[in-house]
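My numbering puts the first residue of the sequence shown at 948, with every later residue one more than the last.
For every residue, glycine included, the Cβ atom is placed at its ideal position computed from N, Cα and C.
Every value quoted in this text rests on a predicted model; they were computed, and no experiment measured them.
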Amino acid sequence: MEQHSMRVETFGGLAVWLDGQLLVRRGERINKNLEMLALLALNGRAPLSNEALAGLLWTEEESHNPAGALKNAAYSLRRLLEQRGVERELVTVEDKQYRLAPDLSLEVDLWQAGRLAEQAVNQPDKALALAAWEELDGICCGDFLPQLADRPWVAGQAALIRDGWLAAARRAAALLLEDRERSDARRALAVCAEALLLFPDDMELQIVRFAAMQELNMKAAVRSQYPLLAEMLMERQGQAPPARLRAIHQWATEGESRGREEMLRIRQKLEGHEKNAPPGPYFCEYDQLPMLYAMARRQAVRTGQVTVLLLAGAGGQLGAASAGADQELRFLLSQTLRRGDVCCRYGHDQYLALLMLTDPAHTGAVEHRLRAGWRPVNGRLELTFDFGGPMPQIHGE
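Right, dumping it as structure tokens:
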């Protein structure tokens, strides 16, 4: 009997090849006929009864005649395969059970991902475990059958995949930190960054992430990220970061020139306790801003105010002279904004300001005051404003 091969990929969308020829293109619409093909392929050579297959394809509310709907889907699948040049029966029916043709050699990425996840978690050899993780991460690129994400059977399988991938990511990151090599610490940081996109609350990953930053002596990064993590934990779980993270943060702040007294002074200023301080905003370094942003948000909740971010820039026509615009913009902000506001330099002739307002509509008055003060200082350049919510990430100059 002639052997045929079918390769099925499910991550990032369904794609199917038969004997090396593309049969289903990733990203195309998946109707019930292709969903049926995906189910049979994932089930391997094991048969699926009419009742089981119909129960996976339709809920009771979706079809009042599942047997008839299943026959229609099977007929539609055969017609589609014929239209795409398949000259043989890929789906067989026997004793009211569906299965793929027995002479098909199946290769399914989901099966391979399961084997690799098990190796990445349980393989005692470090090199083999990390190799399994790298291959697993390469396969699991994209969601599992995203076009069918609302289907119960897909949602359940996707949850199992995420759990296995997370366990493998945790172990890979931990293994990479064992030998305390800088190159491995960078790889561990990359693993954590990717995994935390899906699991931002996973404390095991967060601890490894901060430990990798400590290994790489990234004190500024720790000082920047720790307040954001602490704020997230307080809002979502009502608890402080664990002792290991607090110790890493303490390490990152020990040699800081500003010191704890400076941090306390900033907090007091934002909360309005420093009554004799001079008017005008507080100017800080960019890596301080995430912590101040979190503090300002908490104060806004207590006082009924809102926090608004302002990106102010000075620019003119192409080729226009801009020498000194940065200093002039800083001077304008210092004379126009109020005590309790916070500013930091963001880029060429740009400043980021954190404002405390009683009403978001007051941004118009702030812009008016800044424009009115800017004209006599530098009439050659125009001010640009962008009022927004989430704090942007700095990209350098």
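Specify the secondary structure class of P1277 as computed by DSSP and reduced to three states.
One detail in the question is off: residue 1277 reads as Arg in this sequence, not Pro. Look at R1277 here: in three-state DSSP terms it is helix.
Which value, in whole angstroms, describes the spacing of the CA atoms of S1023 and L1017?
10 angstroms
Terminal residues of the alpha helix (DSSP H) in which A1408 lies
The structure shown does not extend to residue 1408, since the chain is modelled only from 948 to 1344, so the question has no answer here.
Cβ pair G974, G991 closer than 7 angstroms
no
Assuming L1239 and L1301 make a contact with CB atoms under 8 angstroms, what is their CB distance in whole Å?
6 angstroms
So for G974, helix, strand or coil by DSSP?
coil
Identify which residue in S1171, V1289, T1254 has its Cα closest to the Cα of T1310.
T1254
Integer Cβ distance of A1048 from E1034, believed to fall under 8 angstroms:
About 12 angstroms; that fails the 8 angstroms criterion.
With a Cβ-Cβ cutoff of 7 angstroms, do A1346 and A1116 count as a contact?
The requested residue 1346 is not part of the displayed model; the chain covers only 948 to 1344.
When the distance is taken between beta carbons, is R1031 closer than 7 angstroms to L970?
Yes.
Closest by C-alpha distance to T947, when choosing among D1097, Y1293, L1280
No information on residue 947 is available, as it lies outside the stretch 948 to 1344 that the chain covers here.
Burial state of R976 (16 or more Cβ within 10 Å)
exposed
Three Cβ pairs or more, each shorter than 8 angstroms: is that satisfied between the stretch 1125-1139 and the stretch 981-999?
With fewer than three CB-CB distances shorter than 8 angstroms, the stretch 1125-1139 does not count as touching the stretch 981-999.
Any idea if V963 is buried or exposed, counting beta-carbon neighbours within 10 angstroms, 16 or more meaning buried?
buried
Can you tell me the Cα-Cα spacing of A1268 and A1132, whole angstroms?
Confidence is the limiting factor: at A1268 the pLDDT is only 42, short of 50, which leaves the residue's position unreliable, though a coordinate-based value still follows. So the two alpha carbons sit approximately 45 angstroms from each other.
Quick one: using the 10 Å Cβ neighbour count with 16 as the cut-off for buried, is Q1153 buried or exposed?
buried
Coil, strand or helix - S1010 by DSSP:
Per DSSP, reduced to three states, the secondary structure at S1010 is coil, with no helix or strand assignment.
Which residue wins for smallest C-alpha separation from D966, given the options M953, N1164, A1120, D1084?
M953
Reduced DSSP secondary structure (H/G/I, E/B, other) of M1303:
Under the three-state reduction of DSSP, M1303 is assigned to strand.
Determine the closest residue to L1284 out of A1308, Q1274, G1320, with distance taken between C-alpha atoms.
G1320
Based on the DSSP secondary-structure assignment, which residues constitute the bridge partners of C1291?
L1299
Tell me whether E1081 sits in a helix, a strand or coil according to DSSP, three-state version.
helix
Give the secondary structure of T1331 by DSSP, where H, G and I count as helix, E and B as strand, and everything else as coil.
strand
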